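Chemist: So for the sequence shown, my numbering puts the first residue at 1286; every next one is plus one.
Beta carbons are placed, not taken as given, at the ideal position from N, Cα and C, and that holds for glycine.
All figures in this text were calculated on a predicted structure; none of them were measured in a lab.
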Amino acid sequence: MNEAIRIDGKRAAAGIIEKVKAAAQRLTKDTGLVPGLAVVILGEDPASQVYVGSKARMAEECGFHSVKHVLPADAEEDELLALVAELNGDPAIHGILVQLPLPAQIDTAKVIQAISAEKDVDGFHLVNVGLLGTGAIDRAFVPCTPAGSMILVRQVLGDDLSGRTAVVVGRSNIVGKPMAQLLLAANATVTIAHSRTKDLAAVCRTADILVAAVGRPEMIRGDWVKDGAVVIDVGINRIEAPEKGEGKTRLVGDVAYDECAERASAITPVPGGVGPMTIAMLMANTVVSAHRAAGAEAPGF
Ligand code: GUN
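Written out as structure tokens, the structure reads:
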């Protein structure tokens, strides 16, 4: 049986971080400007706390000015909007990230649109969504998870996906839709599939590039994968692992890795695949934003 190449997201992410550090140092030396990232979180959700903590730490490691704002879980929408307005006007801040999901009393769309598009390093603002949708990728901030996934695809298949079919399973605004736009911009023939798709397995089997972003543990089975396909697993699901002992858990993706690796030519593991790329791309977007603010030519990633 042909065993797939295991795509090493940790290594790719480390390479991007090195590039970000070098770009930040050069920018600071040339212009005096230090890239600044503000992360905002409401409440104490443990998983979100971990994500936000690692984003803030990585920003520091990159030599950025890094600030973290923690508001109470029951904070009013106006309080959050006031903080966003303050960060929009702060010249030391080039990237603003409000950690999602937000509590029920907050209108998420309103908060996202309140972030200045020039500081929207998540790529969720309608201006950035529109730039990506019209193919103006160089001017957009592209959402971090699809941007990182695309770098892994390019690492295996190169920049031009002409003649290749791609199936993205999942239609979220954060991953599925922007991922489809990136694949389309690289000339792939793209299908977006989702929970209402008829015979999802058969659709997946048409894919030269299969991207799973559904949030369902190990949903993509081995016989859903075309021989030689490149499989990108965006899912991070914590499941019970009684084999490790009582009450233990482990992380799995949306892809049944072992089965799919028998068919694929290359596949991302979980953990260690797309996950590390997401934070790396947040740093990349922030250093690009700082370059734009300084009127300096931004590095490409
Ligand atoms: N929550 C889970 N993923 C993300 C992300 O990429 N950005 C933000 N802001 N919140 C998230």
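Buried or exposed for K1511, please, with buried defined as at least 16 other CB atoms from any protein chain shown within 10 angstroms of its CB.
Modeler: By the neighbour-count rule (16 or more Cβ atoms within 10 Å), K1511 is buried.
Chemist: Quick one: grab the DSSP three-state call for G1294.
Modeler: Three-state DSSP puts G1294 in a helix.
Chemist: Is G1312 helix, strand or coil by DSSP?
Modeler: The amino acid at residue 1312 is misidentified as Gly; the sequence shows Leu. L1312 falls in the helix class under three-state DSSP.
Chemist: Measuring straight from C-alpha to C-alpha, what distance separates V1573 and V1427?
Modeler: So the alpha carbons of these two residues sit roughly 11 angstroms apart.
Chemist: If we ignore side chains and look at the alpha-carbon of each, how far apart do A1581 and L1318 end up?
Modeler: Each residue's alpha carbon lies about 11 angstroms from the other.
Chemist: Does the beta-carbon of V1383, which I'm using as the reference point, lie nearer than 7 angstroms to any heavy atom of ligand 1?
Modeler: Yes, Cβ of V1383 sits closer than 7 angstroms to a heavy atom of ligand 1.
Chemist: Near A1297, which residues of its chain fall below 7 angstroms by C-beta distance, leaving aside the five closest residues on each side in sequence?
Modeler: Correct list, in chain order: I1436, L1437, Q1440 and M1562.
Chemist: If we count the other Cβ atoms within 10 Å of its Cβ and call it buried at 16 or more, is S1550 buried or exposed?
Modeler: Flag for S1550 reads buried.
Chemist: By alpha-carbon positions, which one of P1388, P1463, T1430 and V1324 ends up nearest to G1558?
Modeler: Of the listed residues, the one whose Cα sits closest to G1558 is T1430.
Chemist: Mind listing, in chain order, the continuous alpha helix (DSSP H) runs of no fewer than 4 residues lying wholly within the stretch 1473-1500?
Modeler: Segments of the alpha helix (DSSP H) lying fully in the stretch 1473-1500: 1485-1489.
Chemist: When the Cα atoms are used, what is the spatial distance from L1322 to R1501?
Modeler: L1322 and R1501: Cα-Cα distance of roughly 31 angstroms.
Chemist: CA-CA distance, G1530 and G1415?
Modeler: Approximately 48 angstroms, taken between the alpha carbons.
Chemist: Between which two residues does the beta strand (DSSP E) carrying V1454 extend?
Modeler: T1450 to V1454 is the extent of the beta strand (DSSP E) around V1454.
Chemist: Is the Cβ-Cβ distance between G1380 and K1404 less than 8 angstroms?
Modeler: Against a cut-off of 8 angstroms, the Cβ pair of K1404 and G1380 comes out as a contact.
Chemist: Using the Cβ count rule (16 or more neighbours within 10 Å means buried), how would you classify A1471?
Modeler: It is buried - the Cβ of A1471 has at least 16 other Cβ atoms within 10 Å.
Chemist: Counting only the same chain and skipping the five closest in sequence on each side, list residues whose C-beta sits under 8 angstroms from that of E1288.
Modeler: So the list reads A1546 and E1547, once near-sequence residues are dropped.
Chemist: Smallest Cα separation from A1575: which of I1505, D1315, A1473 and K1295?
Modeler: Measuring from the Cα of A1575, the nearest candidate turns out to be D1315.
Chemist: For D1512, name the three-state secondary structure that DSSP assigns.
Modeler: It is coil, neither helix nor strand.
Chemist: Between A1498 and V1454, how many whole angstroms is the CB-CB distance? I'm expecting something under 8 angstroms.
Modeler: Contact flag correct, Cβ pair sits at about 7 angstroms.
Chemist: Taking the straight line between their C-alpha atoms, what separation do you get for I1391 and K1462?
Modeler: Computed Cα separation, rounded: 24 angstroms.
Chemist: Of the residues I1521, A1344 and E1525, which one's Cα is nearest the Cα of V1540?
Modeler: The candidate whose alpha carbon is nearest that of V1540 is I1521.
Chemist: Any idea if Q1384 is buried or exposed, counting beta-carbon neighbours within 10 angstroms, 16 or more meaning buried?
Modeler: Answer is buried; the Cβ neighbour count reaches 16.
Chemist: Between which residues of its own chain and G1408 is the CB-CB distance below 8 angstroms, once the five residues before and five after are set aside?
Modeler: V1414, L1417, A1425, F1426, V1427, P1428, C1429, A1432, P1463 and N1570, listed in sequence order.
Chemist: Could you have a look at R1535 and say whether DSSP puts it in helix, strand or coil?
Modeler: Here R1535 sits in strand by DSSP.
Chemist: Along the beta strand (DSSP E) that carries S1339, what are the first and last residues, could you check?
Modeler: Unbroken run through S1339 is the alpha helix (DSSP H), P1331 to E1346; no beta strand (DSSP E).
Chemist: How many angstroms separate the CA atom of Q1466 from the CA atom of Q1334?
Modeler: Going by the C-alpha atoms only, they are around 30 angstroms apart.
Chemist: Return the first residue and the last residue of the beta strand (DSSP E) that K1353 is part of.
Modeler: First-last of the beta strand (DSSP E) with K1353: H1350 to L1356.
Chemist: Report the residue from P1386, A1367, L1366 and Q1310 whose alpha carbon sits nearest the alpha carbon of H1350.
Modeler: Checked all of P1386, A1367, L1366 and Q1310; the closest Cα to H1350 is Q1310.
Chemist: With distances taken from CA atoms, which of E1345, A1344 and I1400 is nearest A1367?
Modeler: Nearest of E1345, A1344 and I1400 to A1367, Cα basis: I1400.
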